[in-house]
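First the structure, in the form of structure tokens, and then the observations on it.
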Amino acid sequence: KLAVAQFSENCNVRDLQYDDAFSNRDELEKHLLRCKDCLPSSFNFVVDDIAMTKQKAGVLWHVENSGEPLSFTRGCSFYTLDRNGLIQTGFDIPEKAPPKTGYLNTLKAKFEAEPVRLIPLAMWVAYMYILFVSDGILPGANALALEQRTWEEVRDLSINFFLVSPLLHLPFSPVVHPMLEGVFNLLLSWAAMFSCFLSDERKDKPNLLPFGPMLVGMQFLTSGFLLPYLFTRTPEFESQVYKEDIDGDLQAKVAEWRPLGGFLSAVGTASIAWSFIGRPEFGEFTERYNSFIDLLSIDRVGSSFIVDLAIFAIFQSWFVDDDLQRRGVTDGEQMGLRNVAKYVPFFGLAAYITLRPELPSRTTEME
-9 KLAVAQFSEN
1 CNVRDLQYDD
11 AFSNRDELEK
21 HLLRCKDCLP
31 SSFNFVVDDI
41 AMTKQKAGVL
51 WHVENSGEPL
61 SFTRGCSFYT
71 LDRNGLIQTG
81 FDIPEKAPPK
91 TGYLNTLKAK
101 FEAEPVRLIP
111 LAMWVAYMYI
121 LFVSDGILPG
131 ANALALEQRT
141 WEEVRDLSIN
151 FFLVSPLLHL
161 PFSPVVHPML
171 EGVFNLLLSW
181 AAMFSCFLSD
191 ERKDKPNLLP
201 FGPMLVGMQF
211 LTSGFLLPYL
221 FTRTPEFESQ
231 VYKEDIDGDL
241 QAKVAEWRPL
251 GGFLSAVGTA
261 SIAWSFIGRP
271 EFGEFTERYN
281 SFIDLLSIDR
291 VGSSFIVDLA
301 IFAIFQSWFV
311 DDDLQRRGVT
321 DGEQMGLRNV
331 AKYVPFFGLA
341 AYITLRPELP
351 SRTTEME
């Protein structure tokens, strides 16, 4: 914050490591915060020399790690100043370096600080291998085999998204096993429910993988997007966050929309009910259950949905403590709501969305 305050509101800063200039102070602040998150806390920028007049300044600098200079981290910057002494334009020229491993170093630092991140990492590696590459661990051909039946099944399930087509008896609605449809739509409604945690992505708390696009990805590859977000996300440090802090107007509205829990809970409940009573031609419970088990024994897509449900149940809890912290709830407070949200799969999260404290608005507080 102190560094950004040295720049004028309409500053223009160009760093030769990036294609485009940062055309105002907000853009620059977001960039600097992202850089801060990508660099270990042991890194420091050290000023070597400054040449300055009333309207211009030149700076030589380098980067140190725990007090030791790093190779290929020297650079120089040229600035022009406005009448108030704030930086109006900037031009950063870093030393040319070999290919950087910034993301890898950042991930390494995150794993060292929180070894528990290795759990979703290991599970993600196993998930992607089992789903896409392996043969024999899960039933059916692996996803890379491009089996026609697999893609037809994915297409048919997608057409019947949230059961709209079969409930309206639309002529193009394909016939799919009702239990498979139920599992599929329960899973997608659960994935959508994680949007209540969009306050985890803010201008002052950027993540290596932006949460918004990852949520969209979860509608297509569920755990394949959830797990990498969990082991790369930035920890929460703030004890009070405002609605206006959420990155994007649409994200802010979705994240704090209280009916979200009730709506998605209704979709999930309808999906479960559909599994038992939808499509009467599939028979009573015993008959449809047995045919569903037979389907799973040869179906990679359906069996992977069951794995996804288990992963969601395990990792649903990982967001809750940080979300309550953002709302001013300290450890030990609201333990009933906290435990329901963490340990009751799907419906506990739906209840949490409805009952959790609302993020305050700066506009309301000013009034």
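Going by our numbering, the first residue of the sequence shown is number -9, and it counts up by one from there. Just so it is clear, CB atoms sit at the ideal spot from N, CA and C, and this is done for glycine as well. Small disclaimer: the values here were computed from a predicted structure and weren't measured.
Item to check | Backbone CA spacing between Ser381 and Gly172 [nearest angstrom] | outcome: Only positions -9 to 357 of the chain appear in this structure, which leaves residue 381 out of reach.
Checklist entry - Can you tell which of Gly65, Gly292, Tyr279 has the C-alpha that lies nearest to the C-alpha of Phe266? => result Tyr279
Next on the checklist: For a quick check, are the C-beta atoms of Leu128 and Leu285 less than 9 Å apart?
Outcome noted: no
Checklist entry - Since Ala11 contacts Arg4 with CB under 8 Å, what's their CB separation in whole angstroms? => result 4 Å
Checklist entry - Any idea what DSSP makes of Ser13, helix, strand or coil? => result coil
Item to check | Best match in Tyr69, Ser56, Leu178 for proximity to Val49 [C-alpha to C-alpha] | outcome: Tyr69
Item to check | Residue(s) in a DSSP beta bridge with Ile40 | outcome: Paired residue(s): Val49.
Checklist entry - What first and last residue would you give for the beta strand (DSSP E) that runs through Glu137? => result Segment: none, Glu137 is in no beta strand (DSSP E) and carries neither H nor E.
Item to check | Which of helix, strand or coil DSSP assigns to Pro84 | outcome: strand
Next on the checklist: Among the candidates Lys46, Leu134, Ala300, Ala99, whose CA atom is the shortest distance from the CA of Gly77?
Outcome noted: Reading off the sequence, residue 77 comes out as Ile, not Gly. The option with the nearest alpha carbon to Ile77 is Lys46.
Item to check | Secondary structure, alpha helix (DSSP H): runs of 4+ residues fully inside the stretch 238 to 301 | outcome: 239 to 245, 249 to 267, 275 to 286
Checklist entry - For Leu216, which residues from the same chain have a beta carbon less than 6 Å from its beta carbon, with the 5 sequence-adjacent residues on both sides left out? => result Met208
Checklist entry - Between the stretch 144 to 163 and the stretch 317 to 324, do at least 3 Cβ pairs fall closer than 8 Å? => result no
Checklist entry - Roughly how far, in whole angstroms, is the beta-carbon of Asp194 from the beta-carbon of Arg223, given that I think they are within contact range, below 8 Å? => result So it is not a contact: roughly 14 Å between Cβ atoms.
Checklist entry - Which residues bound the alpha helix (DSSP H) around Tyr333? => result 325 to 333
Item to check | Beta-carbon contacts of Phe101 that lie in its chain and below 7 Å, excluding the five residues immediately before and after | outcome: Same-chain partners within the cutoff: Arg107, Leu108.
Checklist entry - Where does Glu54 sit, in a helix, a strand or coil, going by DSSP? => result strand
Checklist entry - Between the C-alpha atoms of Val334 and Ala340, what's the straight-line distance to the nearest angstrom? => result Taking the straight line from one Cα to the other gives about 10 Å.
Checklist entry - Between which two residues does the beta strand (DSSP E) carrying Val319 extend? => result Premise fails: Val319 is in no beta strand (DSSP E) and is neither H nor E.
Item to check | C-beta atoms of His167 and Arg290 nearer than 9 Å | outcome: Not a contact, by the Cβ cut-off of 9 Å.
Item to check | Proximity of Asn34 and Asn2 at Cβ, strictly below 9 Å | outcome: no
Checklist entry - Which first and last residues belong to the beta strand (DSSP E) in which Asn2 is found? => result -3 to 5
Item to check | Whether Ser213 touches Met325 by CB criterion (9 Å) | outcome: no
Item to check | Beta-carbon proximity check, Lys86 vs Pro196, cutoff 9 Å | outcome: no
Next on the checklist: Just verifying my parser: in three-state terms, what is the DSSP assignment at Lys(-9)?
Outcome noted: Coil.
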